[in-house]
Amino acid sequence: MNVTRGFSGRPRVHNPGLPPGQYDARDDWPVLSAEVTPDLAPADWSFRIDGLVERPHTWDWDAAHALPASAYAGDIHCVTGWSKFGVRFSGVSLDAFFDVVRPHGSATHAVARSHTGYTTNLPLADLTGGRAWIVWEYGGEPLPPEHGGPARLLVPHLYFWKSAKWIAGITLLDHDEPGFWERNGYHARGNPWEEQRYSGD
Amino acid sequence: MTETTTPPTRFAVPGRIAVGHETAATWQTATLTGIRRETPRAATFRLAVPEWAGHLPGQHLMLRLTAPDGYVAQRHYSIASAPDDSGHIELTLDRVPDGEVSGWFHTVARPGDTVEVRGPLSGFFAWPGDRPALLLGAGSGVVPLMSMVRHHRARGLTVPLRMLVSARSPEELIYAAELGAETTPVFTRSAPPGVPVGRMTAAHVAPLLAEQPAHGWEAYVCGTNGFAEHASRLLVAAGQPVDRIRIERFG
Ligand SMILES: Cc1cc2nc3c(=O)[nH]c(=O)nc-3n(C[C@H](O)[C@H](O)[C@H](O)COP(=O)(O)OP(=O)(O)OC[C@H]3O[C@@H](n4cnc5c(N)ncnc54)[C@H](O)[C@@H]3O)c2cc1C
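Heads up: the sequence lines are chains A and B, in that order. Using our numbering, you'd call the opening residue of the first sequence number 141 and step up by one each time. Using our numbering, you'd call the opening residue of the second sequence number -16 and step up by one each time.
Here's what the structure looks like:
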């Protein structure tokens, strides 16, 4: 351990919900996006799942909202170091979308892409079983554009760069294919509890 | 059987360079060798990093401090110095009220102290010096942009480079003495006599975009999220293509 002289850190209570190397952002919700925030109206939003699926399908705003509603209440963790506790998002579980397109047994990975062209890769298993959502509300209000509104992917058990903002689609593959930040040195999976920040961690 | 659509990538900007995986993953010990006050709120910390793999202007690193009980605090900091072979890098830190890491740097740190760093990180905001660069920064957002300006000077580059920086007042303008003809400062609270006070506006951006260098500007925007939203919208409104705007948000 490389102790820093004179550094004790802020007085803290041990928080078992805080992954290693993270701090509690409390009321802050920092915005980290390398792109210009797009002006994307709900009427212009669509979401498509294709690739290794039986029936590729595209939903528009109303069709997506017609699926059974589902919510997430819990924590989120950003690779830049902040975590946010007790947040509430609502939308639809990805399972409901997958029920429609029916993934092939050969599908192992996914690439999520946004309406901006941003991409991020995920193991398919991280998107199923009630662990991922398409969300359009935060704390009961429409999701703000700079946080990915009108709709973003939410995969709260992974670092937040995996939760692609302005989600446009998911393509299922039988292999892993790095996305935008993963090609820029970030970890392929991004599990906060194992501190999978950068490739090689 | 399967059908894949590739939507138009209207906004996405490709990364400029690939980042070495090993260097990004390895923590190194950095020794503080000097502290230079820049403004009442900001100071530059010079660090000897013997194993530093080098960086490109615009890149940042991750820094961590460790308490005796094992608690670690890690934060990202942009690299202020231009790439050189001095075995040193410089960071410029704003003093954030109650800031855990910036507070330690501003009140405790002295030459000889060691901290840990890993990097350089993110090829996305990097500027290798190849394309005309239009730089918009506010507050400590000027830090990675200054690395670009210093690189431009050190290498005697002729590719056009212009910078707009916003500061509350002349006293709070980081690197004031070093800024040259490439820079236009904008003051939001108080300004020297004859200089208007106010936010960055379309009128600041328009003359720069009117210059139209060959192959167009690559724009780099850095600062708080509020500034990044404001400045990137000014650029888009003035005709800068969205896929030629790179944004680094400090949170
Ligand atoms: C890519 C990148 C590059 C950056 N480059 C620079 C740079 O070049 N220069 C620079 O100065 N900054 C830079 N930053 C910002 C930097 O990473 C830090 O966010 C900043 O220095 C503040 O850290 P801190 O530990 O001093 O403050 P923190 O301790 O994180 O505090 C920040 C704010 O949150 C409040 N706060 C946080 N936790 C608590 C708590 N538990 N209890 C009470 N209050 C709390 C504090 O009161 C304060 O207002 C960069 C950020 C990024 C993402």
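Note that CB positions come from ideal geometry on N, CA and C, so glycine has one too. Only a predicted model underlies this, so the values are computations on that prediction, with no experimental measurement involved.
Residue of L298(A), L313(A), S254(A), F225(A) minimising C-alpha distance to N155(A): F225(A)
Residues from the stretch 78 to 92 of chain B in contact with chain A, defined by Cβ distance under 7 Å: E83, W87, V91
Rounded separation between W35(B) and P66(B) - CA only: 10 Å
Chain-ordered residues of the stretch 207 to 219 of chain B with a beta carbon less than 7 Å from chain C: Among the chains of the structure shown, chain C does not appear; the protein chains present are A and B.
R292(A) burial status per 10 Å Cβ neighbour count (16 or more: buried): buried
Residues bridged to N324(A) (per DSSP): Beta-bridge pairing links N324(A) to no other residue.
Buried/exposed call for M183(B), threshold 16 Cβ in 10 Å: buried
Cβ neighbour criterion (16 or more within 10 Å) applied to S64(B): buried
Ligand 1 heavy atom lying under 7 Å from the CB of A65(B): no
Where P51(B) meets chain A, residues with beta-carbon distance less than 8 Å: V143, S148
Short Cβ contact (8 Å threshold) for L192(B) with A221(B): yes
Enclosing beta strand (DSSP E) for T49(B) [first to last residue]: 43 to 49
Residues that I18(B) bridges to, as DSSP identifies them: F28(B)
Candidates A13(B), T167(B), I62(B): closest to D96(B) by CA position: A13(B)
Cβ contact (3+ pairs, closer than 8 Å) linking the stretch 50 to 58 of chain B and the stretch 17 to 36 of chain B: no
DSSP three-state assignment for T311(A), whether helix, strand or coil: strand
V227(A) - partner residues in DSSP beta bridges: G214(A)
Beta carbon of G106(B) nearer than 8 Å to that of H135(B): no
Min CB distance D341(A) to chain B below 8 Å: yes
Helix, strand or coil at N347(A) according to DSSP, with G and I counted as helix: With chain A covering 141 to 341 only, the question about residue 347(A) has no answer from this structure.
Secondary structure of H89(B), DSSP reduced to three states: helix
Touch test, the stretch 174 to 190 of chain A against the stretch 77 to 93 of chain B, Cβ-Cβ under 8 Å, three pairs minimum: no
With 16 other Cβ atoms within 10 Å as the buried cut-off, status of W333(A): exposed
Rounded C-alpha distance that separates L140(B) from W199(A): 50 Å
Closer than 9 Å at the beta carbon, the chain A residues around T97(B): N142, T144, R145
Within 8 Å, strictly: CB atoms of L298(A) and G191(A): no
Start and end residues, beta strand (DSSP E) containing R133(B): That residue, R133(B), is in no beta strand (DSSP E); its alpha helix (DSSP H) goes 125 to 137.
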